[in-house]
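Yeah, the sequence shown ends on 411 if you go by this note's numbering, and it's all consecutive.
Even for Gly, the Cβ is constructed at its ideal location relative to N, Cα and C.
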Amino acid sequence: MVQIDRMEIDDAGSDPKRLAKAILDQLPEDTVLVPVREIAKAIDIYEIREEQLSGLEGALIVPKEKSEGAILINKGRHESRKRYTIAHELGHYVHPFHRANSPDGFRCKKNDLTVTKAKPNDLHSRMEQQANEFAAELLMPARAVASFIRDSGDADLSHILEMARRHDVSREAAARRYIPRIGDPAAVIFSKGGVVRYARCNEFFPKLSVCRGDLVPQHSVSALSTADVGEVTGCVEVGAHMWLQSSAGVTLFEQTLAQQNSFRMTLLTAVIEEIEDEWETVPSQSFEFTS
Ligand SMILES: [Zn+2]
Numbered sequence: 121m122v123q124i125d126r127m128e129i130d131d132a133g134s135d136p137k138r139l140a141k142a143i144l145d146q147l148p149e150d151t152v153l154v155p156v157r158e159i160a161k162a163i164d165i166y167e168i169r170e171e172q173l174s175g176l177e178g179a180l181i182v183p184k185e186k187s188e189g190a191i192l193i194n195k196g197r198h199e200s201r202k203r204y205t206i207a208h209e210l211g212h213y214v215h216p217f218h219r220a221n222s223p224d225g226f227r228c229k230k231n232d233l234t235v236t237k238a239k240p241n242d243l244h245s246r247m248e249q250q251a252n253e254f255a256a257e258l259l260m261p262a263r264a265v266a267s268f269i270r271d272s273g274d275a276d277l278s279h280i281l282e283m284a285r286r287h288d289v290s291r292e293a294a295a296r297r298y299i300p301r302i303g304d305p306a307a308v309i310f311s312k313g314g315v316v317r318y319a320r321c322n323e324f325f326p327k328l329s330v331c332r333g334d335l336v337p338q339h340s341v342s343a344l345s346t347a348d349v350g351e352v353t354g355c356v357e358v359g360a361h362m363w364l365q366s367s368a369g370v371t372l373f374e375q376t377l378a379q380q381n382s383f384r385m386t387l388l389t390a391v392i393e394e395i396e397d398e399w400e401t402v403p404s405q406s407f408e409f410t411s
């Protein structure tokens with residue numbers, strides 16, 4: 121049985137990462153599949169109720185002082201989605217500054233569960249972003265993710281699928297956690313029916329030329345692939361100009377995965393030629409002449 125000391129969480133402050141860590145530190149060190157329902161129970165969530173919700177993805181019913189609570193989740197979702205929603209509501213529950221947006225508690229819509237960047241001066245979006253940050257940290261423990269990425273080598277879509285399986289989270293949640301932690305330039309593009317939904321790039325990746333609502337480039341692997349649903353394509357070199365604002369010096373690789381209901385996930389990785397000082401680019405060997 122999972123036992124969690126709530127005092128340890130109270131002492132962690134208000135940083136979502138530290139709050140999640142205060143819980144993870146009380147689980148066995150090698151935990152990969154985090155027992156989120158047991159954690160909820162251990163910190164006085166007396167019920168996780170599954171209902172057909174309309175317009176809502178999850179809710180946290182709590183008194184003002186948050187001494188105990190109940191979580192409501194949308195019935196008929198995959199277990200991975202339910203786990204994420206529970207973790208998100210737990211984020212609101214343990215965060216010392218989160219206050220309910222309705223008299224009966226926190227009511228979270230589908231869009232709230234995808235906020236990764238809060239709108240400036242918007243308290244609601246800030247709380248949702250923090251609950252999502254907490255959920256990602258809790259369900260995909262930093263230590264387990266770091267060692268998985270270290271051991272798995274070059275970026276590959278199959279690693280995202282493996283991460284999703286290991287932690288029982290959605291592929292999208294796994295991708296959002298994976299991309300910023302890859303040491304090479306990488307981006308993932310989520311699309312539906314050939315239209316870009318959104319993209320996540322890591323700090324090394326050049327600027328994309330596509331944004332939300334655009335068609336995926338017509339000659340890209342994403343547009344042309346005939347691979348079956350669930351089958352990851354090989355990683356092939358493509359014209360960098362198709363995806364990037366500036367393709368100079370960039371070699372781009374694309375790999376894609378068709379999912380159910382015409383959803384698609386595409387991984388782009390780049391090799392960027394280093395532009396050095398012009399004097400340094402001419403090694404002394406270049407002056408060897410033969411006569
Ligand atoms: Zn929320």
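Could you tell me how far apart the beta carbons of residue i and residue j are, in whole angstroms, since I believe they sit closer than 8 Å?
{"i": "Ile206", "j": "Ile168", "result": "6 Å"}
{"i": "Ala360", "j": "Thr353", "result": "So it is not a contact: roughly 18 Å between Cβ atoms."}
{"i": "Ser200", "j": "Ser290", "result": "5 Å"}
{"i": "His287", "j": "Leu153", "result": "6 Å"}
{"i": "Tyr213", "j": "Gly178", "result": "Not really, about 11 Å apart at Cβ, beyond 8 Å."}
{"i": "Glu257", "j": "Pro136", "result": "6 Å"}
{"i": "Glu351", "j": "Phe373", "result": "18 Å between Cβ atoms; not a contact."}
{"i": "Met260", "j": "Arg285", "result": "Not quite, the Cβ-Cβ distance comes to about 12 Å (not below 8 Å), so this is no contact."}
{"i": "Arg332", "j": "Val316", "result": "6 Å"}
Report yes if the C-beta of residue i is less than 6 Å from at least one heavy atom of ligand 3; otherwise report no.
{"i": "Asp274", "result": "This structure simply doesn't include ligand 3; it includes ligand 1 instead."}
Please classify residue i: does DSSP put it in a helix, a strand, or coil?
{"i": "Lys202", "result": "helix"}
{"i": "Phe217", "result": "coil"}
{"i": "Arg138", "result": "helix"}
{"i": "Leu259", "result": "helix"}
{"i": "Gly189", "result": "strand"}
{"i": "Glu171", "result": "strand"}
{"i": "Asn194", "result": "strand"}
{"i": "Ile129", "result": "helix"}
{"i": "Ile143", "result": "helix"}
{"i": "Ile395", "result": "coil"}
{"i": "Ile165", "result": "strand"}
{"i": "Leu328", "result": "strand"}
{"i": "Ile124", "result": "coil"}
{"i": "Ala179", "result": "strand"}
{"i": "Phe409", "result": "Its pLDDT being 42, under 50, Phe409 is placed unreliably in this model, and the value from its coordinates should be taken loosely. Coil, per DSSP."}
{"i": "Gln250", "result": "helix"}
Give me the residue from the options with the minimum Cα distance to residue i.
{"i": "Arg219", "options": "Lys327, Asn231, Glu248", "result": "Glu248"}
{"i": "Pro155", "options": "Gly303, Gln123, Arg297", "result": "Gln123"}
{"i": "Leu192", "options": "Leu328, Glu185, Arg203", "result": "Arg203"}
{"i": "Ile395", "options": "Phe325, Gly369, Ala142", "result": "Gly369"}
{"i": "Phe226", "options": "Glu209, Phe217, Leu233", "result": "Glu209"}
{"i": "Val330", "options": "Ile165, Tyr318, Glu149", "result": "Tyr318"}
{"i": "Asp304", "options": "Val315, Gly314, Phe268, Pro326", "result": "Pro326"}
{"i": "Phe324", "options": "Lys186, Met127, Asp164, Ala307", "result": "Ala307"}
{"i": "Glu171", "options": "Ser187, Ile159, Arg197", "result": "Arg197"}
{"i": "Lys438", "options": "Gly175, Ala238, His215", "result": "Residue coverage of the chain in this structure runs from 121 to 411, which leaves residue 438 outside it and unanswerable."}
{"i": "Leu328", "options": "Val336, Gln365, Glu158, Ser345", "result": "Gln365"}
{"i": "Pro337", "options": "Gly314, Ala140, Gly273", "result": "Gly314"}
{"i": "Pro216", "options": "Leu233, Thr151, Phe268, Ala140", "result": "Ala140"}
{"i": "Gly273", "options": "Ile302, Leu243, Ile143, Gln146", "result": "Ile302"}
{"i": "Ile165", "options": "Leu147, Leu144, Asp145, Ser187", "result": "Ser187"}
{"i": "Asp224", "options": "Pro183, Asp242, His244", "result": "Pro183"}
{"i": "Asp145", "options": "Val391, Lys239, Ala264", "result": "Ala264"}
{"i": "Ile163", "options": "Lys239, Met121, Thr151", "result": "Met121"}
Please say whether residue j and residue i have beta carbons closer to each other than 7 Å?
{"i": "Ile309", "j": "Ala295", "result": "no"}
{"i": "Asn194", "j": "Leu180", "result": "no"}
{"i": "Ala362", "j": "Ser340", "result": "Residue identity check: residue 362 is Met in the sequence provided, not Ala. Yes; because the gap between Cβ atoms is below 7 Å, this pair is in contact."}
{"i": "Ala266", "j": "Thr389", "result": "no"}
{"i": "Asn252", "j": "Val235", "result": "yes"}
{"i": "Gly211", "j": "Ala262", "result": "no"}
{"i": "Arg384", "j": "Ser311", "result": "yes"}
{"i": "Ala132", "j": "Arg138", "result": "yes"}
{"i": "Gln375", "j": "Leu387", "result": "yes"}
{"i": "Arg270", "j": "Ile299", "result": "no"}
Query - Within the segment 330 to 392, ranges of the beta strand (DSSP E) (whole runs, at least 3 residues) - result: 356 to 358, 370 to 378, 383 to 392
Query raised in the report: Can you give, in chain order, each stretch of the alpha helix (DSSP H) that sits fully within the segment 272 to 324 and has at least 4 residues?
Result: 277 to 287, 291 to 298
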